[in-house]
Amino acid sequence: MNAALPHRLAAEACGGILLAATVVGSGIMGAQLAAGNSGVALLANTGATVAILVVLISLFARVSGAHFNPAVTLVMALLRRMTWAAALAYVPVQVAGCCVGAMLAHAMFDLPLLQISTHIRSGPAQFASEIVATCG
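With positions in the sequence shown counted from 1, the corresponding number in the numbering used here is that position plus 7.
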């Protein structure tokens, strides 16, 4: 990663937008096409997620490290593979990029850009699954 910080931030923003748009968009499309079969929807979403991660990491790894996730950035800063100043710049760009990507997916499927979730996402099981997903 020899790119200047602005270039690295732009790569993280673009990667976050494309990653979230793909994950959210494939989830929406999978739910619409699966006719109530959540297993098919989940499989389609997983395949799209893996594919876009391969592409994005291949495209942006040399520019920004292809973190796209504040947890990854935190680990890189803790391991001293990047400065804390750069890490603190990455995090808001990553969050903003993913928010824009989610809104882009909603726009592509003619949904409201901002929505309130109807699924409960709290409790010990949710917390454990987030830890496993982040560390795994």
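Every residue gets a Cβ at the ideal spot worked out from N, C-alpha and C, and that includes glycine.
Any chance you could list the beta strand (DSSP E) runs of at least 3 consecutive residues sitting entirely within the segment 39–93, in chain order? Here no run is fully enclosed.
State yes or no: is the C-beta of Ile-210 within less than 9 Å of the C-beta of Cys-105? Only positions 8 to 143 of the chain appear in this structure, which leaves residue 210 out of reach.
Apart from the five residues just before and just after Ala-41, which ones in its own chain have a Cβ nearer than 8 Å to its Cβ? Residue 41 sits at position 34 when you count from the first residue of the sequence shown. Cβ neighbours of Ala-41 beyond the five flanking positions: Val-47, Ala-48 and Ala-51.
Between Ala-28 and Val-107, what straight-line distance do the alpha-carbon atoms span, to the nearest angstrom? Position 21 of the sequence shown, counted from the start, is the residue given in the question as residue 28. Position 100 of the sequence shown, counted from the start, is the residue given in the question as residue 107. Looking at the two C-alpha atoms, the distance is approximately 8 Å.
For Asn-76, count the other beta carbons within 10 Å of its own beta carbon; 16 or more makes it buried, fewer makes it exposed. Which is it? Stepping through the sequence shown from its first residue, residue 76 is reached at position 69. A buried status is given to Asn-76, since no fewer than 16 other beta-carbon atoms sit within 10 Å of its beta-carbon.
Count the C-beta pairs between the segment 123–136 and the segment 86–101 that are closer than 8 Å, then say yes if the count reaches three, no if not. Because the criterion of three Cβ pairs below 8 Å is not met, the segment 123–136 and the segment 86–101 do not touch.
For Gly-22 and Ala-73, believed in contact at Cβ under 8 Å, the rounded distance: By one-based count along the sequence shown, residue 73 stands at place 66. By one-based count along the sequence shown, residue 22 stands at place 15. Their Cβ separation, rounded to whole angstroms, is 6 Å, which keeps Ala-73 and Gly-22 in contact under 8 Å.
Terminal residues of the alpha helix (DSSP H) in which Thr-125 lies: Taking the first residue of the sequence shown as position 1, residue 125 is located at position 118. That residue, Thr-125, is in no alpha helix (DSSP H); it is neither H nor E in DSSP.
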